[in-house]
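See structure below.
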Amino acid sequence: MKQSGIRILGIETSCDETAVAVVEDGNIIRSNLVASQIEIHRRFGGVVPEVASRRHIEVIASLTEEALKEAGLPRQEIDAVAVANSPGLIGALLVGVSFAKAYAYGLNKPLIGVNHMEAHIYANFLTENKPIFPAVCLVVSGGHTSLLYMERHREFEMMGETRDDAAGEAFDKVARFLGLGYPGGPAVQNAAALASPGKYHLPRVYLDRNDFEFSFSGLKTAAMNLWNKLQRSGEDAEVNYLAAEFQEALVEVLVEKSINAARQKNVKQILLAGGVAANARLRERITAEASANNIQIHIPALELCTDNAAMVACAGYYQYLDGDFAGLDLNAFPQSGLLVKKACG
Ligand code: KG4
Ligand code: ZN
202 MKQSGIRILG
212 IETSCDETAV
222 AVVEDGNIIR
232 SNLVASQIEI
242 HRRFGGVVPE
252 VASRRHIEVI
262 ASLTEEALKE
272 AGLPRQEIDA
282 VAVANSPGLI
292 GALLVGVSFA
302 KAYAYGLNKP
312 LIGVNHMEAH
322 IYANFLTENK
332 PIFPAVCLVV
342 SGGHTSLLYM
352 ERHREFEMMG
362 ETRDDAAGEA
372 FDKVARFLGL
382 GYPGGPAVQN
392 AAALASPGKY
402 HLPRVYLDRN
412 DFEFSFSGLK
422 TAAMNLWNKL
432 QRSGEDAEVN
442 YLAAEFQEAL
452 VEVLVEKSIN
462 AARQKNVKQI
472 LLAGGVAANA
482 RLRERITAEA
492 SANNIQIHIP
502 ALELCTDNAA
512 MVACAGYYQY
522 LDGDFAGLDL
532 NAFPQSGLLV
542 KKACG
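If you want the numbering used here, it's the position in the sequence shown, counting the first as 1, plus 201.
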């Protein structure tokens with residue numbers, strides 16, 4: 202097996218972005234295309250699974266051709282096809298998995314099944330300045346909020362996770378409730394940028410606990426109740442100030458628990474991953490706190506935080522090096538599982 206010039210075709214269809222990328226040697230992005238469905242789902246105020254699957258199947262083939270063209274590679278020069286096969290919307294995942302399978306079969310190249318959450322973490326390796334192990338990873342997306350310890354490639358120890366809503370989910374639900382728009386994370390961030398935290402008070406849930414569990418459902422409900430109360434009382438209800446306080450309450454817990462996790466494990470590297478890693482306040486706060494604690498923070502470029510296929514190709518590259526290939530019976534799974542199962546001691 203060749204050791205360099207390894208080109209992985211990455212395919213991502215787990216939710217509402219159809220994405221295809223070509224990544225060489227795990228960190229050279231030769232192409233990275235995302236066909237977003239945001240406009241299609243906006244009128245529903247959230248992702249409609251069947252609509253997402255149908256859109257994936259319409260664009261996946263042409264997007265793949267485009268990605269190869271942009272990479273300047275004939276199909277035959279791809280070394281493997283990596284596809285996100287869990288977690289996600291099952292119908293959406295199955296489109297990517299079926300397509301990847303057919304593509305790999307047609308080209309007679311290896312197929313690699315990638316965990317989407319691992320791929321988010323691997324977005325941190327799409328750079329020259331790669332993280333060094335051991336590290337603590339904060340994974341914050343629409344469906345997950347976890348703190349993981351990584352001692353080496355592809356091994357994850359779960360330190361703690363959310364008991365209820367994921368951070369992104371809380372952003373999305375609060376944005377929808379407050380009528381701030383869709384998608385919720387960027388909508389709350391934009392509203393918060395027009396105000397400051399502190400005018401209203403929301404709880405820093407679980408910050409008093411000496412563990413790495415999170416809970417954002419209570420914070421979401423507290424924000425909604427406060428908004429209802431303000432509206433009923435005829436007080437000056439300022440949505441931007443509520444958005445700023447909500448964002449601050451959530452970010453403060455994420456940052457403090459991440460720093461505590463790094464301290465407990467005595468590690469000097471923190472990796473931020475997932476769609477919520479695009480949040481400007483989270484990026485700013487965790488960078489400042491890490492620096493104050495002499496910890497190096499890794500945060501993917503903005504376009505690599507939200508769903509993309511370069512991260513899938515990157516995670517696929519490390520599986521390729523391990524010879525961890527899938528058979529043509531590769532299936533898709535809605536639940537994550539993998540990150541938990543691989544827990545090391
Ligand atoms: O990783 P991702 O693209 O998809 C999943 O795997 O879930 O994450 C999507 C989540 C959504 O909940 C979205 O609102 C949130 O990431 N998000 C943000 C921001 N950009 C995306 N949350 C807060 N601030 C942002 N700027
Ligand atoms: Zn994602």
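All C-beta atoms in this analysis are idealised placements derived from N, C-alpha and C, irrespective of residue type, glycine included.
Among the options, which one has its Cα closest to the Cα of residue i?
i, options, result
"A479", "G343, A493, Q536, N429", "G343"
"E358", "L339, D508, G297, A393", "L339"
"D412", "V454, G435, K400, V315", "V454"
"K430", "S418, A371, Y401", "Y401"
"Y519", "S492, A489, W428, N316", "N316"
"F300", "I279, G361, T265", "T265"
"A154", "P250, K302, K331, A281", "As shown, the chain starts at 202 and ends at 546. That puts residue 154 outside it, with no answer to give."
"P398", "R355, A424, E356, L522", "A424"
"H242", "N509, L529, G385", "G385"
"D280", "D525, D530, Y521, K374", "Y521"
"N426", "R405, N228, D409, F378", "F378"
"D366", "E240, N309, F334, S418", "S418"
"K310", "N330, R276, E329", "R276"
"N228", "E240, S434, S263, N325", "N325"
"L503", "S263, V477, V513", "V477"
"D523", "D530, E356, A491, A493", "E356"
Rounded to the nearest angstrom, what separates residue i and residue j at their Cα positions?
i, j, result
"G307", "G206", "21 Å"
"Q204", "D226", "8 Å"
"I209", "T507", "20 Å"
"V284", "G273", "21 Å"
"P501", "R486", "15 Å"
"L473", "Q497", "11 Å"
"V298", "Y442", "43 Å"
"E319", "K469", "20 Å"
"G369", "H499", "19 Å"
"F245", "G517", "33 Å"
"L290", "A533", "9 Å"
"T600", "F415", "Summary: the structure shown does not reach residue 600, with the chain confined to residues 202 through 546, and so no result is reported for it."
"A489", "R464", "16 Å"
"G546", "L348", "The pLDDT assigned to G546 is 27, lower than 50, so where the model puts this residue is not dependable; a value taken from the coordinates is nonetheless given after this. If I take the Cα positions, the gap works out to 15 Å."
"A303", "A371", "37 Å"
"W202", "E278", "One detail in the question is off: residue 202 reads as Met in this sequence, not Trp. Rounded to the nearest angstrom, the two C-alpha atoms are 14 Å apart."
"Q432", "A236", "39 Å"
"N495", "S434", "47 Å"
"V513", "A396", "37 Å"
"D593", "R405", "Residue 593 cannot be examined here, being either before or after the span of the chain that is shown, 202 to 546."
"R179", "N330", "There is simply no residue 179 to check, as the chain begins at 202 and stops at 546 in what is shown."
Below 7 Å CB to CB, which residues in the same chain sit around residue i once its five sequence neighbours on both sides are set aside?
i, result
"A511", "G211, A222, V224, I230, N233, L327, L505"
"V296", "T214, S254, H257, I258, I261"
"A388", "A376, L381, G382"
"A268", "V221, A222, V223, S232, L234"
"Y407", "E414, F415, S416, V454"
So, for residue i: in the same chain, excluding its five sequence neighbours on each side, which residues have a beta-carbon less than 8 Å away from its beta-carbon?
i, result
"Q238", "D217, E218, T219, V248, V252, A253, R256"
"Q536", "S287, P288"
"R482", "Q390, A393, Q448, E449, V452"
"I313", "I209, A281, V282, A283, V284, G517, Q520, Y521, D525, F526, A527"
"T363", "H345, T346, S347, E414, F415, S416, F417"
Counting along the chain, where does the beta strand (DSSP E) carrying residue i start and finish?
i, result
"V282", "281-287"
"Y350", "346-351"
"E225", "218-225"
"E362", "358-362"
"P497", "According to the sequence as given, residue 497 is Gln; it is not Pro. Residues 497-499."
Starting from residue i, trace the alpha helix (DSSP H) both ways and give me its first and last residue.
i, result
"Q470", "Run containing Q470: none in the alpha helix (DSSP H); it sits in the beta strand (DSSP E), 470-474."
"L269", "250-272"
"E370", "368-379"
"Q520", "511-522"
"S492", "481-493"
"I333", "Looking at the DSSP string, I333 is not in any alpha helix (DSSP H), and its letter there is neither H nor E."
"I241", "239-243"
"L210", "Counting along the chain, L210 falls outside any alpha helix (DSSP H), though it belongs to the beta strand (DSSP E) covering 208-213."
For the putative contact between residue i and residue j, defined by C-beta atoms under 8 Å, what is the C-beta separation to the nearest angstrom?
i, j, result
"E446", "L403", "5 Å"
"K392", "V341", "A small fix is needed here, since residue 392 is Ala in this sequence, not Lys. About 19 Å; that fails the 8 Å criterion."
"C515", "Y383", "Actually they are not in contact, since the Cβ atoms of C515 and Y383 sit about 29 Å apart, beyond 8 Å."
"A462", "M351", "A462 to M351, Cβ: 11 Å. No contact."
"V337", "K466", "6 Å"
Who are the near neighbours of residue i in its chain, counting only those whose CB is closer than 6 Å to its CB and skipping five residues on each side?
i, result
"S459", "L339, I471"
"G475", "H321, V340, V341, S342"
"A444", "V389, A392, A393"
"D547", "In this structure the chain extends from 202 to 546, so residue 547 is not present and cannot be described."
Any heavy atom of the ligand FMN inside 7 Å of the beta-carbon of residue i?
i, result
"D365", "Only the ligand KG4 and the ligand ZN can be found as ligands here, which leaves the ligand FMN out of the picture."
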